[in-house]
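Here is the structure we will look at.
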Amino acid sequence: MYEGAGDDQKKVDNEGSYGYYTILAVKFTSSEQQIDRNYNTLVKFYTDKEYPKGGDQENLNKTNEAYKIIKDEKAREQYMHKLMIRCYLSQPFELILPNKQIDKLWPFFIFEVIKEGKSTSEIMQFNFSAQTLTEQKKDVRTKSYMFSNISSALYSKKDDEFIINFIENGKILSQNYKAKFQNQRDQLVKLAIFAKEIFEETKPTLEFHNPNTKQDLNLFKVQHYSIGENSKTVSSKVTNLFFDQVSTKNYFLWNDSYIPPHSLLKTSAQKLASLGQSKTVHFTIGKTQMLVSRDEDLRQIIQVIPLKKEYLAFSRDENVVQLQVLNNTRKYRFHDKQSASQFVQKLISVQNQKASANPLRTDCPVGDSLQNVVRIKKSAIQKLNTMIASYEQKVQQLKVERQQLLSEFNDLDLDKVDDDELMINKEKDQQNKQASYEPATLFKAPLK
Numbered sequence: 016m017y018e019g020a021g022d023d024q025k026k027v028d029n030e031g032s033y034g035y036y037t038i039l040a041v042k043f044t045s046s047e048q049q050i051d052r053n054y055n056t057l058v059k060f061y062t063d064k065e066y067p068k069g070g071d072q073e074n075l076n077k078t079n080e081a082y083k084i085i086k087d088e089k090a091r092e093q094y095m096h097k098l099m100i101r102c103y104l105s106q107p108f109e110l111i112l113p114n115k116q117i118d119k120l121w122p123f124f125i126f127e128v129i130k131e132g133k134s135t136s137e138i139m140q141f142n143f144s145a146q147t148l149t150e151q152k153k154d155v156r157t158k159s160y161m162f163s164n165i166s167s168a169l170y171s172k173k174d175d176e177f178i179i180n181f182i183e184n185g186k187i188l189s190q191n192y193k194a195k196f197q198n199q200r201d202q203l204v205k206l207a208i209f210a211k212e213i214f215e216e217t218k219p220t221l222e223f224h225n226p227n228t229k230q231d232l233n234l235f236k237v238q239h240y241s242i243g244e245n246s247k248t249v250s251s252k253v254t255n256l257f258f259d260q261v262s263t264k265n266y267f268l269w270n271d272s273y274i275p276p277h278s279l280l281k282t283s284a285q286k287l288a289s290l291g292q293s294k295t296v297h298f299t300i301g302k303t304q305m306l307v308s309r310d311e312d313l314r315q316i317i318q319v320i321p322l323k324k325e326y327l328a329f330s331r332d333e334n335v336v337q338l339q340v341l342n343n344t345r346k347y348r349f350h351d352k353q354s355a356s357q358f359v360q361k362l363i364s365v366q367n368q369k370a371s372a373n374p375l376r377t378d379c380p381v382g383d384s385l386q387n388v389v390r391i392k393k394s395a396i397q398k399l400n401t402m403i404a405s406y407e408q409k410v411q412q413l414k415v416e417r418q419q420l421l422s423e424f425n426d427l428d429l430d431k432v433d434d435d436e437l438m439i440n441k442e443k444d445q446q447n448k449q450a451s452y453e454p455a456t457l458f459k460a461p462l463k
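In the working numbering, the protein residues as written are 16 to 463.
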């Protein structure tokens, strides 16, 4: 938490926690048209009395707010930046392939790497939503690659080195890197491979329509296979090889339905130099990493330090804290002894506890996504289907009765029936005529 920050605590707790994409039931990569369609449907859902949530002003206000933020380019960028920072602060130490919804990876990663021939480190960022890999040094984005430019990623001979091959102007450009923290090399190589696979899975493909089979042929679709951790126990439903056909896209969360925890502490200090010069730096402590930046908004990140004892050691003398990151030692002067003590105590608590980046469910009220609309429409369709089935059953019964009547009617001798009816009618006519000529006994003359 932001120790002793008062009103600023709420700001820190809410950074990137609104779930705007979840409210509109869209992904980070959804088109503007899809966002508009979902928004219009939700507005109808919350205003039309036909729906159960009709007249829900609270959810309608949240929907309008989410739409306003996502549609505004500047506001959306600020929101995504805050969400990325939270992902960085809870970045896992190891990439464990997820098997549940809440175990999926957030699509933003950050590392410190050293390029071959360079003495200082730079920041490498993976953005799986925008499909970009960015190298940043001295507060300037020195190079940005699209995932489509990644040809391959390889391990190098040394334990902390790796190679990423990029495609530039039709040629292969090999870049040699060194992971600042040796155990992160595997993560970097895996993420580079994932980046290539994500592009292959999402790139547009040429489709040909076969008029004979009425099927679309994706002739240029490349299938990728991911190797399980224990190849001897992993079975395959497609081939006899020990591979599982798993889409790399399923490893990641593509909206803010789950988010990482907020930052645990934000503070600033003066970086002390040997020549007496000092610069202000800003520390942000998370669940697994600490970010050091030149600005409070963390847009000029200069260090990414995993909060593990083998990487980071520290000591305090009054209001001065000495940080030892690997073999590099630096001193920082805090505003007062209390600020320095809080900073050290927070580092101790994070290092002593089992690092966990458990995701948090976005605090969105029930009924604020299109899933509810879909459920309502599905329920209405099911009712209609039930009624149709009932009517169809009744129609079948009536058809059976009709068939029985027709069968009985066909079995009758219609000519004989007509003659019998004619004779009966003639007899009735004769009886009526005789009755009309018979003298009435009531009018006979009395006897003398």
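Just so it is clear, CB atoms sit at the ideal spot from N, CA and C, and this is done for glycine as well. In this text, all values refer to a predicted model and were calculated from it rather than measured experimentally.
Under 7 Å between C-beta atoms of residue i and residue j
i: D271; j: G34; result: yes
i: S489; j: H297; result: A question about residue 489 goes unanswered here, because the residues of the chain that appear run from 16 up to 463.
i: P122; j: F267; result: yes
i: I469; j: Y103; result: In this structure the chain extends from 16 to 463, so residue 469 is not present and cannot be described.
i: Q339; j: P321; result: no
i: Q318; j: V307; result: yes
i: S167; j: N184; result: no
i: K361; j: I300; result: yes
i: Q199; j: D174; result: no
i: L206; j: F108; result: no
i: S144; j: P276; result: no
i: L313; j: I100; result: yes
i: W269; j: K42; result: yes
i: Q202; j: L98; result: no
i: E127; j: K172; result: no
DSSP three-state assignment for residue i, whether helix, strand or coil
i: Q445; result: helix
i: L345; result: The sequence shown places Arg at residue 345, rather than the Leu named in the question. Of the three classes helix, strand and coil, the one that applies to R345 here is strand, per DSSP.
i: T282; result: strand
i: Y35; result: helix
i: N401; result: The sequence given here places Thr at residue 401; Asn does not occur at that position. Helix.
i: F358; result: helix
i: K486; result: This structure cannot settle anything about residue 486, because the visible part of the chain is limited to 16 through 463.
i: F258; result: Confidence in F258 is poor, its pLDDT being 36 and thus under 50, which makes the residue's placement too unreliable to answer from.
i: S171; result: coil
i: V415; result: helix
i: V410; result: helix
i: Q72; result: helix
i: T44; result: coil
i: N180; result: strand
i: K195; result: coil
i: F267; result: strand
i: S163; result: helix
i: Q304; result: strand
Residues of its chain near residue i, where Cβ-Cβ distance is below 7 Å and the 5 sequence neighbours each way are ignored
i: Q445; result: none
i: I84; result: Y35, A90, R91, Y94
i: L287; result: S293, K346, Y347, R348
i: S262; result: E216
i: V359; result: F329, R331, V336
i: I208; result: A168
i: T295; result: S283, Q285
i: Q49; result: V41
Contact set for residue i: own chain, Cβ-Cβ below 6 Å, skip 5 residues either direction
i: E150; result: E137, M139, T157, K158
i: A355; result: R331, N334, V336, F349
i: V365; result: L322
i: E311; result: H297
i: N191; result: E131, I178
i: A210; result: F162, I165
i: E176; result: K193
i: E407; result: none
Unbroken beta strand (DSSP E) run spanning residue i, endpoints
i: V335; result: 335 to 340
i: V296; result: 293 to 300
i: F329; result: 327 to 332
i: L322; result: It is not in any beta strand (DSSP E) - L322 carries neither H nor E in the DSSP assignment.
i: L148; result: 147 to 152
Residue i: first and last residue of the uninterrupted alpha helix (DSSP H) it sits in
i: R314; result: Element bounds for R314: n/a, residue is neither H nor E.
i: D201; result: 200 to 217
i: D51; result: 47 to 62
Own chain residues within Cβ distance below 8 Å of residue i, not counting five before or after
i: T78; result: I38, L39, Y54, L57, V58, Y61, D383
Write down every uninterrupted run of the beta strand (DSSP E) in the segment 74 to 141 whose length is 3 residues or greater and which is fully enclosed by it, in chain order. 123 to 130
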